[in-house]
Each structure stands twice: as structure tokens, then as C-alpha cells.
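These notes are about the structure you will find just below.
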Amino acid sequence: VAESEAAIMTLLDSLPALFRETKTNESCLGSAVKSAYMAMKHIGGKLVVCGACIPSVGELSLKSTRDNPRLLGTDKEVELLRPVSEGYKDLATELTRAQISVELFMAPQAYVDLASIAPLAKYTGGDVRYYPNFHIQTTGQKLKAELTHVLTRYMGWEAVM
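Its first residue numbered 1, the sequence shown is counted upward by one per residue in full-length UniProt numbering.
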């Protein structure tokens with residue numbers, strides 16, 4: 001990472017300008033992770049996944065219909081804490097077999113069904129970092145610090161105890 005720091009910082013700085021005119025806010029997170037898996041499965045490693053909305057298109061797409069405030073405080077509230085399917089857990093199992101760990105950064109403005117997406121990190125030895133109602137002025141420094149920590153910390157691979 002150290003030798004590529006300048007290139008990474010340039011890319012991150014240019015992202016807002018690259019997508020300034022984007023009006024559609026959809027995500028193909030499941031398809032993107034599967035594509036990364038295909039590219040990394042022979043070497044393993046750490047996959048940093050960033051999301052800002054519910055994965056609504058492609059493989060493992062989810063629906064935002066689970067965001068139902070009427071269920072809060074009822075016996076059915078627990079359903080909101082369970083994944084809607086085993087799709088992301090199954091993908092995490094494939095990633096684990098290939099020795100790929102997922103670090104998940106979610107910075108949404110609305111509901112993202114984190115219960116369904118979180119198994120990507122949970123079952124691969126990664127972490128979930130969640131920034132609800134993300135705004136660059138209030139949460140940007142925290143995101144930057146945590147992303148920097150993930151990219152620069154020491155990591156061990158293929159360890160046996």
C-alpha cells in the first residue's frame with residue numbers, strides 16, 4: 001500500500017468529480033463481490049467493499065421493503081435482524097475457501113438491509129463499519145481514519161494455531 005499511496009489517494013480524491021452527474025443510485029454489490037472473488041480466488045487476500053445504498057440490481061439484489069417501522073416494538077421486529085436469504089452467507093463461504101477476507105464499509109442515507117449483507121464480513125474474518133446517514137462533514141474523518149487503518153495495518157495470512 002505504501003508504494004501505491006499516491007495513486008490510491010488520487011483515485012479517492014477524484015471519485016466525487018467522476019460521478020458528480022450521477023442521478024441513479026443503485027448498487028450491484030453482490031455481483032461486484034462475486035467478480036472480485038473470481039479475480040482473487042487463486043491468490044486470496046483482503047477485499048474492501050464500500051456501499052452507499054441497498055444492493056438493488058444484479059446477483060444477490062435485495063429489496064428495501066423490509067424497512068417497515070410498523071414492526072418495531074412488536075414480536076416480528078426480530079425478523080428485521082435476520083438475513084432475508086442465505087445468499088451472502090453462501091458467498092462468504094466461497095470467499096473463505098479462497099482465503100479472501102471482506103472489510104465492509106457501508107455509508108448509506110437510507111435503509112440497506114445490513115442483516116443480509118453483513119455475513120460477507122462476519123464469516124470471512126472481516127469487520128463491518130456502518131455510517132448511517134453519512135455526510136462527509138460529520139462522518140468523513142471517521143471513515144478516512146478507519147479506511148486508512150484497514151489499508152495500512154499488518155495482516156497475517158494462512159496462519160495455523
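From the three backbone atoms N, C-alpha and C, an ideal C-beta is built for every residue, glycine too.
Computed from a predicted model, the values in this text were never measured in an experiment.
Boundaries of the alpha helix (DSSP H) around R97: 87–97. Take G125, set aside five residues on each side of it, and the residues of its chain with a beta-carbon closer than 6 Å to its own are S101, in chain order. Note that the C-beta distance between N25 and C50 is not below 8 Å.
With respect to the 8 Å criterion, G58 and S31 are classified as neighbours on the basis of their beta carbons. A121 sits away from D113, with the two beta carbons spaced by 8 Å or more. Excluding sequence positions up to five before and after W157, its CB lies less than 6 Å from no other CB in the same chain. Scanning A115, S4, R20 for the CA closest to the CA of D67 turns up A115.
Going by DSSP, V112 is part of no alpha helix (DSSP H) at all; its letter is neither H nor E. When the Cα atoms are used, E103 and P83 turn out to be separated by approximately 18 Å. Secondary structure note for S14: its alpha helix (DSSP H) is the uninterrupted segment 5–18.
The DSSP assignment places 29–40 as complete runs of the alpha helix (DSSP H) inside the stretch 24–75, in order along the chain (cut-off: 4 residues).
In the three-state DSSP reduction, V150 falls in the helix class (H, G or I).
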